[in-house]
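Numbering (this note's numbering), first residue to last: 29 to 273.
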C-alpha cells in the first residue's frame, strides 16, 4: 500500500517517529524526515537507503516550519504528513520549571497549530494529516502537568480540523499510551501497558491505513482511561486522587 507514497514525518529523529519512518520505508514509501536534530535525521536517512530527504525543522518556530514546507513542496505534493514531535517533563504542576513549561507549550501545542495550518497546502487532494495527542490528554492525570494539558489541546485541535477540513484532508488523531522511549524513561513510576517503539509504529500504521479517526493503544489502558473520562467528576476525581503519592 505504501510503495510510491511520499510521507513527511515530523519528529522522526528518535523514538516513535524513527520507528514509524523505518516501517514506512520498509514498505516502499519515500520519506521526508524532519526534526531539530539534523545529525540524527541524516543517520536515519542513511540507514534507510537512498531516496529519502532530510529537512531539519523546529516546529515551535513558525519561520522554520514555513521554510521547511517550502523545501518539501519543491519535491512535489505529499500523500501523508505525520506529526509526532513533542517535549515531555514529568512531575507535579508545582514542581515544573516555568521556562520548560513554556517550551512544552510552544513545541507540543503551538507547534501542532503551525503544522495544522501549513500541512494542508503540501498535501495532495485527499491526503492525510495525522496529529499526535496522547492518552495523557484524555483527563488531568497526576504528574501529567503541562504536558497533559498540551495534549488535551492537540486532541481538541484535531477534532476541530476533522470537521473544518472534511472532504479535503483526511485528518487523524494518534493517542499513544506509554511507549519505551528516551522521554518516558524519565518516569519514576511503573508504566502500565508499556510498548516498544516498533510496536507503537505498527499500531499507528495499521490505524492510519484504516478508517477510524482516532488511533489509540494499548486498548487495555486506553479503554480504562476513556471510561474514567466519561464519569462525572464526583466519581472520576476521587479515583484520580488515589494515584497521587
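The beta carbon of each residue, even a glycine, is placed where N, CA and C say it ideally should be.
Give me whichever residues DSSP pairs with residue i in a beta bridge.
{"i": "residue 35", "result": "59 and 108"}
{"i": "residue 198", "result": "156"}
{"i": "residue 203", "result": "244"}
{"i": "residue 137", "result": "In the DSSP output, where bridge partners are listed per residue, residue 137 has none listed."}
{"i": "residue 223", "result": "207"}
{"i": "residue 151", "result": "106"}
Shortest alpha-carbon distance to residue i belongs to which of the options?
{"i": "residue 205", "options": "184, 152, 60 and 242", "result": "242"}
{"i": "residue 65", "options": "55, 38, 77 and 57", "result": "38"}
{"i": "residue 154", "options": "106, 224, 251 and 235", "result": "106"}
{"i": "residue 159", "options": "139, 259 and 170", "result": "139"}
{"i": "residue 45", "options": "253, 230 and 245", "result": "230"}
{"i": "residue 171", "options": "199, 257, 137 and 219", "result": "219"}
{"i": "residue 111", "options": "207, 35 and 238", "result": "35"}
{"i": "residue 163", "options": "135, 91 and 254", "result": "254"}
{"i": "residue 85", "options": "246, 209 and 67", "result": "67"}
{"i": "residue 173", "options": "121, 183, 145 and 89", "result": "121"}
{"i": "residue 130", "options": "88, 257 and 240", "result": "88"}
{"i": "residue 192", "options": "228, 251, 211 and 145", "result": "145"}
{"i": "residue 74", "options": "209, 94 and 50", "result": "50"}
{"i": "residue 147", "options": "124, 90, 128 and 57", "result": "90"}
{"i": "residue 114", "options": "236, 202, 137 and 187", "result": "137"}
With respect to the alpha helix (DSSP H) encompassing residue i, which residues constitute its N-terminal and C-terminal limits?
{"i": "residue 261", "result": "261-269"}
{"i": "residue 72", "result": "66-76"}
{"i": "residue 99", "result": "90-101"}
For residue i and residue j, which I take to be in contact (beta-carbon distance under 8 Å), what is that distance rounded to the nearest angstrom?
{"i": "residue 175", "j": "residue 117", "result": "7 Å"}
{"i": "residue 150", "j": "residue 97", "result": "5 Å"}
{"i": "residue 156", "j": "residue 108", "result": "4 Å"}
{"i": "residue 223", "j": "residue 207", "result": "5 Å"}
Tell me the DSSP secondary structure of residue i in three-state form.
{"i": "residue 48", "result": "helix"}
{"i": "residue 83", "result": "coil"}
{"i": "residue 132", "result": "helix"}
{"i": "residue 191", "result": "helix"}
{"i": "residue 166", "result": "coil"}
{"i": "residue 232", "result": "helix"}
{"i": "residue 249", "result": "helix"}
{"i": "residue 116", "result": "coil"}
{"i": "residue 173", "result": "helix"}
{"i": "residue 40", "result": "coil"}
{"i": "residue 123", "result": "helix"}
{"i": "residue 214", "result": "helix"}
{"i": "residue 258", "result": "helix"}
{"i": "residue 161", "result": "coil"}
{"i": "residue 238", "result": "coil"}
Compare the C-beta of residue i against all C-beta atoms of chain B and say whether one is closer than 7 Å.
{"i": "residue 103", "result": "Of the protein chains in the structure, only one exists, and it is not chain B."}
Quick check: does the Cβ of residue i come within less than 6 Å of any heavy atom belonging to the ligand FMN?
{"i": "residue 234", "result": "In the structure shown, the ligand FMN is absent, as is every other ligand, since no ligand is present at all."}
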